[in-house]
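First residue of the sequence shown: 112, per the numbering used here; consecutive thereafter.
All residues carry an ideal CB built from backbone N, CA and C; glycine is no exception.
Structure first, then comments.
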Amino acid sequence: MKITPRVFSGMQPTGSLHLGNYLGAMVNWIKMQDTHECIYCVVDLHAITVWQEPSELRTAIRQVTASYIAAGLDPQKSVLFNQSQVSAHAELGWIFNCVARLGWLNRMTQFKEKAGKDREQASVGLYAYPNLMAADILAYRATHVPVGEDQKQHLELARDIAQKFNNDFKTEIVAAGFADGIFFPQPEPVITGPTRVMSLRDGTKKMSKSDPSDLSRINLMDDADTVARKIQKAKTDPDGIPSEVKGLEGRPEAENLVGIYAALTDQPVEAVLRDFGGQQFSAFKKALADVATDKLGRIGGEASRLMQDPAEIDRILADGAARARAIAKPVMDNVKDIVGLIRS
Ligand code: TYM
Numbered sequence: 112m113k114i115t116p117r118v119f120s121g122m123q124p125t126g127s128l129h130l131g132n133y134l135g136a137m138v139n140w141i142k143m144q145d146t147h148e149c150i151y152c153v154v155d156l157h158a159i160t161v162w163q164e165p166s167e168l169r170t171a172i173r174q175v176t177a178s179y180i181a182a183g184l185d186p187q188k189s190v191l192f193n194q195s196q197v198s199a200h201a202e203l204g205w206i207f208n209c210v211a212r213l214g215w216l217n218r219m220t221q222f223k224e225k226a227g228k229d230r231e232q233a234s235v236g237l238y239a240y241p242n243l244m245a246a247d248i249l250a251y252r253a254t255h256v257p258v259g260e261d262q263k264q265h266l267e268l269a270r271d272i273a274q275k276f277n278n279d280f281k282t283e284i285v286a287a288g289f290a291d292g293i294f295f296p297q298p299e300p301v302i303t304g305p306t307r308v309m310s311l312r313d314g315t316k317k318m319s320k321s322d323p324s325d326l327s328r329i330n331l332m333d334d335a336d337t338v339a340r341k342i343q344k345a346k347t348d349p350d351g352i353p354s355e356v357k358g359l360e361g362r363p364e365a366e367n368l369v370g371i372y373a374a375l376t377d378q379p380v381e382a383v384l385r386d387f388g389g390q391q392f393s394a395f396k397k398a399l400a401d402v403a404t405d406k407l408g409r410i411g412g413e414a415s416r417l418m419q420d421p422a423e424i425d426r427i428l429a430d431g432a433a434r435a436r437a438i439a440k441p442v443m444d445n446v447k448d449i450v451g452l453i454r455s
């Protein structure tokens with residue numbers, strides 16, 4: 112089994128997706144469908160590392176699936192499914208719990224942020240989360256992982272796990288027919304575009320589902336009026352739009368809004384500044400609201416339409432899960448043989 116280029120990525124179905132998810136990761140997912148074999152996942156097992164109301168979780172899984180498709184993910188071209196339908200994720204996750212070291216997980220900044228002060232009360236799943244994420248990727252021996260910058264540390268851990276597995280089991284890997292002793296590839300993060308879309312209320316914090324203020328983010332399901340209102344209320348500073356990139360230094364809110372405009376219109380920041388340099392934020396925000404409502408309105412509208420037929424969404428997920436299982440099965444068979452487990 113040679114390592115072939117393969118893309119894997121996922122998003123958590125916790126609440127609705129936002130502009131950060133879209134510009135930070137999904138735009139790349141959609142582009143990569145034309146050049147790579149792609150596997151895209153709704154990572155529901157990751158979501159339950161913090162409490163999820165069961166009925167809301169079910170809806171969120173379908174809603175995230177609908178948003179993926181509405182944004183341009185083609186379930187024929189790519190493999191699209193929810194994680195819990197493919198048991199290889201949890202199985203390999205357990206094996207990686209036994210490969211990764213406590214010291215590695217202790218360094219994970221996302222756990223520290225999410226667990227907060229009351230770490231004793233965090234679930235064990237939240238702590239072991241990065242091992243499951245490594246399993247998501249490596250169950251398909253995926254090589255490329257399009258994500259936002261906040262996932263970089265988790266990707267580094269996945270690379271460490273792949274390397275340790277390859278080292279620990281080198282003899283067995285060679286015996287299983289992998290002459291170079293490499294079973295798992297080193298998955299590479301693909302991070303381009305605005306790697307961090309920031310909160311509309313505070314340009315130093317990333318846009319996030321967990322921010323208590325809904326005004327801090329633009330959700331993919333927001334209607335046009337809501338998007339326009341949130342942009343209008345977005346925090347800015349008293350200066351206008353500069354003509355050069357240097358003029359954005361030390362101005363996180365201005366930099367964020369200009370970056371969002373550039374990403375939505377698929378042009379460099381320099382070009383946006385050439386067009387808007389010298390103008391006031393009021394005029395720029397109006398232009399930004401126009402491009403944002405145009406783009407997101409179409410995605411939100413299409414996602415709402417798809418949500419009217421949940422059975423069809425479930426059918427798409429079941430079909431994707433069957434295809435994902437078929438790819439993961441030979442990998443898991445090899446893993447079990449390499450580790451020394453007996454299978455029938
Ligand atoms: P999640 O669900 O938090 O976010 C999904 C994707 O959106 C990106 N993202 C952002 N990008 C730019 N600016 C932001 N403000 C912003 N907020 C979120 C994230 O970087 C991510 O790419 N652990 C992952 C899910 C996951 C995964 C995987 C990803 C589980 N298994 C395997 C890749 C491969 C997460 O919590 O993403």
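Buried or exposed (CB count within 10 angstroms, at least 16 for buried), residue i
i              : result
glycine 288    : exposed
arginine 328   : buried
aspartate 229  : exposed
proline 300    : buried
asparagine 330 : buried
isoleucine 284 : buried
proline 241    : buried
proline 298    : buried
threonine 282  : exposed
methionine 115 : Looking at the sequence shown, residue 115 is not methionine but threonine. Looking at its Cβ environment, which holds fewer than 16 other Cβ atoms inside 10 Å, threonine 115 is exposed.
glycine 214    : exposed
alanine 286    : exposed
leucine 128    : buried
threonine 254  : buried
Own chain, CB closer than 6 angstroms to residue i, minus 5 neighbours either side, in chain order
i             : result
threonine 376 : Val402
proline 305   : Leu134, Gly370 and Ala374
valine 190    : Ile150, Gly431, Arg434 and Ala435
lysine 320    : Thr125 and Gly126
glutamate 413 : Ala181
alanine 245   : Phe207, Ala269 and Ile272
Residues sharing a beta bridge with residue i, DSSP
i              : result
cysteine 152   : Gly121 and Phe192
methionine 309 : Lys317
asparagine 330 : His129
glycine 301    : Rather than glycine, the amino acid found at residue 301 in this sequence is valine. Note: valine 301 sits in a beta bridge opposite Pro257.
Contacts around residue i, its chain only, beta-carbon distance under 7 angstroms, and the 5 residues preceding and following it disregarded
i              : result
glycine 351    : Gly389, Gln390, Gln391 and Phe392
valine 338     : Ile329, Ala400, Ala403, Thr404 and Leu407
glycine 183    : Ile141
proline 257    : Val118, Ser120, Ala136, Asn139, Trp140, Met143 and Val301
isoleucine 424 : Arg173, Thr176, Ala177 and Leu417
alanine 226    : Ala233 and Leu237
lysine 344     : Leu326
Close Cβ partners of residue i (< 8 angstroms) along its chain, the five nearest in sequence each way excluded
i             : result
threonine 220 : Gln264
lysine 397    : none
aspartate 448 : Glu283, Ala287 and Arg454
valine 235    : none
Problem set entry | Every unbroken alpha helix (DSSP H) inside the segment 212-260 [4 residues or more] | Correct list: 213-217, 220-226 and 235-249.
Exercise. Where in the segment 156-191 do unbroken runs of the beta strand (DSSP E), each at least 3 residues long, occur, reported from the N-terminal end onward?
Worked result: Runs found: none.
For this session: Enumerate, from N- to C-terminal direction, the unbroken alpha helix (DSSP H) stretches of 4 or more residues contained entirely within the segment 328-388.
Result: With a minimum length of 4 residues, the continuous alpha helix (DSSP H) runs that stay inside the segment 328-388 are 335-344, 363-375 and 380-387.
Problem set entry | Inside the segment 381-439 only - beta strand (DSSP E) runs reaching at least 3 residues | Those beta strand (DSSP E) runs which fall completely within the segment 381-439 and span 3+ residues do not exist here.
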